[in-house]
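For the sequence shown, the UniProt record's numbering puts the final residue at 506, and the numbers step up evenly by one. Notes follow the structure.
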Amino acid sequence: MGLRRHPRWDLVTRRRRPGIGEEATSGRRDHRSTDGRETRCHVLSHHIPSAMPLVSVNPTTEQEIERHPLHTGREVEHRLDRAASAFEVNRSRSFDERAARLERAADLLEDNAPALGALMTEEMGKPLTQAQAEAEKCAWVCRYYAEHGADFLADRAVETAARKSYVAHEPLGPILAIMPWNFPFWQAFRFGAPTLMAGNVVLLKHAPNVTGCAEAIADLLREAGFADHELQVLRVDEETVGTVLDDQRVRGATLTGSVPAGAAVARQAAAQIKPTVLELGGSDPFIVCADADLEKAASVGCTARMQNNGQSCIAAKRFIVERAVLDDFQERLVENVEALTVGPPTDRETDVGPMARADLRDTVHDQVERAIGAGAVAVAGGHTLERDGFFYAPTVLADVDPGTVAFDEEIFGPVASVIAADDAEHAVALANDTRFGLGGSIFTEDLEKGERMARSLEVGCVFVNEMTKSDPRVPFGGIKDSGYGRELSHHGIRAFVNAKTVWVEE
C-alpha cells in the first residue's frame with residue numbers, strides 16, 4: 001500500500017505544520033539551563049537516529065497509515081533549546097493567563113471531539129464513542145486546572161516565630177513526558193494540563209503508533225494560545241530518550257507504561273537527581289462479596305474489564321468472588337461479555353474493537369493459552385477472531401488460581417480472570433497477593449464493610465460499588481510495582497514544582 005497523507009494536520013488548526021528543518025530559529029542559543037549551568041548535549045548534536053521511522057498502522061484494516069521520520073540529534077537539540085526559552089515565557093505568565101489558554105484548549109477539545117476521536121480510533125482502534133468521550137474528558141481536566149490551579153499553587157502562610165513565613169510553589173522547567181498509546185489524548189492531558197498551569201513546559205515523547213495524535217495535541221495547544229514550544233513532540237528512539245533525560249535542561253520526567261520501562265527511567269533520573277512520576281502496570285482486583293448486587297456487579301465488571309478493548313492499566317483484571325455467589329456471578333458476567341458487539345471501531349454500535357497492535361494480541365493469546373494449560377477454563381472467548389484486524393474475542397477465564405499466569409501477570413487485553421474466595425477476608429488477601437498496586441473495586445451492600453475492606457487493599461485507589469477510574473478531583477497513581485507519585489487533584493499539579501520555604505525576619 002502506498003503512503004498517503006492523512007488530513008490530521010487540519011483537524012484542529014486548519015493550517016499546515018512546519019516540516020522537519022523548517023522550524024523557526026529564534027530562541028535562546030546559549031545552551032544553558034534556567035540556572036545558568038552549561039548543558040549543551042554534544043551527544044545529541046552528533047547522534048544519528050535509527051533509520052527506521054515511526055510507523056502507524058490501522059489496527060482494524062492492518063494497513064499502514066503514515067510514516068513519521070525520527071528527529072535528528074540536531075533537531076532534538078533545537079527542541080531542548082526552545083523548551084528552555086518557552087519555560088521562561090510560561091513561568092512569567094500569571095495564573096489567569098495560563099488558565100485562559102487552558103479554557104480555550106477545553107473549547108477546542110469539545111468542538112473537535114468527533115475529528116479527534118476519529119484520529120484515535122484510526123491509530124489505535126478505540127471504539128469511536130469511547131474516543132470522543134476521551135477528548136471530552138480532556139476538556140474537563142483542562143477546565144478543572146484552569147479553575148483550581150491558582151488556588152492549589154497559591155502561597156501558603158505558615159505560622160512560625162518569623163515575622164512572616166510561607167511556602168511558595170514555583171515551576172521547575174521542561175518536563176519529559178513518556179506516554180503510552182492506550183489513551184493517547186487523556187494520558188497526555190492528564191499530565192499536561194496541570195504541568196502547563198504550574199508554569200512548566202512539556203516535551204512529549206508519545207508511543208510510535210499514535211504519533212498523529214501527538215502532533216494533533218501540539219497543534220491544538222498552539223491554537224489555544226500556548227507558545228509554539230510550550231509542548232513539543234519528540235519523535236525519537238529509545239537511545240535518544242535516555243540522552244534527553246540526561247540533559248540538564250530537562251528538570252523531571254513522567255512515564256506511563258510498563259514496569260521495565262518505568263524502572264529504567266527511574267534509575268536514569270535518579271542518577272541525575274531528577275524527580276519522576278511513574279504510572280505503571282496493574283492487575284486490579286474486582287471483589288464481589290456474597291451480599292453484592294450481582295446484576296450491577298456483573299454489568300459494571302464487564303465494562304471495567306472490556307472498555308478500551310481491554311487495554312487499560314486500571315481495568316478490572318482479577319474478579320475475586322466469594323464462593324457463595326461464584327456460579328451466579330460468573331454466569332451473569334459471561335452473559336454480559338457475550339452480549340458485547342465486536343466489530344469495526346468506527347461503528348457506533350461496537351463495544352469492542354481490535355487490539356492496538358498484532359504483537360499485543362499475540363501476547364494476550366499466549367497468556368490465555370498458558371492459563372488454560374495451568375488449569376483455567378475459557379467459559380467465553382479464548383481465541384483470536386478470523387477477520388482482518390488485530391481482534392481478540394472477549395474472554396472469561398474460570399477456575400483461575402494464584403501462581404498461574406492469569407493471576408500473577410497483567411493481561412493487557414479483553415480477558416477477565418475469575419478467582420474463588422472463601423470469604424471477604426480471603427478476598428482481600430487474594431487481592432493483595434500481587435506485585436501490583438494500582439486500583440481496585442469492591443462490591444457489597446454493606447457500605448461499612450466495603451470501606452473497611454477498602455482500607456485493607458494495597459492499592460492507590462479503591463472504588464466501592466463502582467469501577468476504578470480517574471477523576472481530576474482526586475489523586476491517581478499506584479504503589480508497589482504500579483509506580484509512585486500522583487497525578488490529578490492538587491497532588492498532580494504539585495508533582496513538578498519547588499515547594500520553597502520563605503522566612504522573613506525584621
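All residues carry an ideal CB built from backbone N, CA and C; glycine is no exception.
Pairwise C-alpha distance: residue j and residue i
i    : j    : result
T160 : N498 : 20 Å
F407 : V158 : 48 Å
A263 : C213 : 26 Å
S92  : G478 : 33 Å
H148 : E466 : 26 Å
V141 : R190 : 7 Å
R163 : K500 : 17 Å
M179 : A324 : 42 Å
D399 : V377 : 6 Å
E386 : E338 : 17 Å
V334 : I411 : 18 Å
V474 : L488 : 6 Å
F391 : W181 : 17 Å
F185 : E62  : 22 Å
F95  : R370 : 53 Å
Residue i - DSSP class collapsed to helix/strand/coil
i    : result
W140 : helix
L234 : coil
N90  : helix
T501 : strand
C461 : strand
K317 : strand
A99  : helix
P174 : strand
F436 : coil
T211 : helix
T254 : strand
V400 : coil
R486 : coil
T243 : helix
R28  : Only weak support is given to the placement of R28: the predicted model assigns it a pLDDT of 32, under 50, and the value that follows is read from those uncertain coordinates. Three-state result, R28: coil.
L278 : strand
E425 : helix
R156 : strand
8 Å Cβ cutoff met for residue i and residue j
i           : j    : result
A188        : L204 : yes
V210        : S56  : yes
T256        : E223 : no
F436        : S283 : yes
F496        : N112 : no
L172        : G73  : no
Q130        : P114 : no
residue 568 : A290 : Within the shown structure, residues of the chain are numbered from 1 to 506, placing residue 568 beyond reach of any answer.
G485        : V259 : no
R143        : E103 : yes
A416        : F319 : yes
L221        : A105 : yes
Where residue i falls, given that 16 or more other Cβ within 10 Å makes a residue buried
i    : result
R156 : exposed
L245 : buried
G19  : Residue confidence is low: G19 scores 31 on pLDDT, short of 50, so the model does not pin down where it sits. No coordinate-derived value is stated.
E506 : exposed
G450 : buried
R332 : buried
T60  : buried
D359 : exposed
K126 : buried
T341 : exposed
V167 : exposed
V502 : exposed
From the options, residue whose alpha carbon lies closest to that of residue i
i    : options                   : result
G301 : D81, S441, E230 and T243  : S441
T384 : A421, G343 and R435       : G343
A420 : L430, F412 and G413       : L430
A118 : P345, D422 and K500       : P345
A424 : L438, R190, P285 and P472 : P285
P53  : E64, A224 and Q307        : E64
V405 : P414, Y392 and G373       : G373
E322 : D293, A298 and V288       : V288
L116 : A216, E103, G73 and R98   : A216
D328 : G439, F391 and V418       : V418
V459 : E445, K449, R473 and G483 : G483
N309 : P275, A290, D351 and A135 : D351
R494 : E110, P59, L70 and F152   : F152
N58  : A371, E122 and S85        : E122
L70  : E239, S165 and D81        : E239
G375 : G403, R357 and L326       : G403
R249 : D81, A150, A154 and A416  : D81
L109 : V76, A193, H169 and H78   : A193
A150 : E136, K137 and L196       : L196
CB contact check: residue i to chain C, cutoff 8 Å
i    : result
A131 : Among the chains of the structure shown, chain C does not appear; only one protein chain is present.
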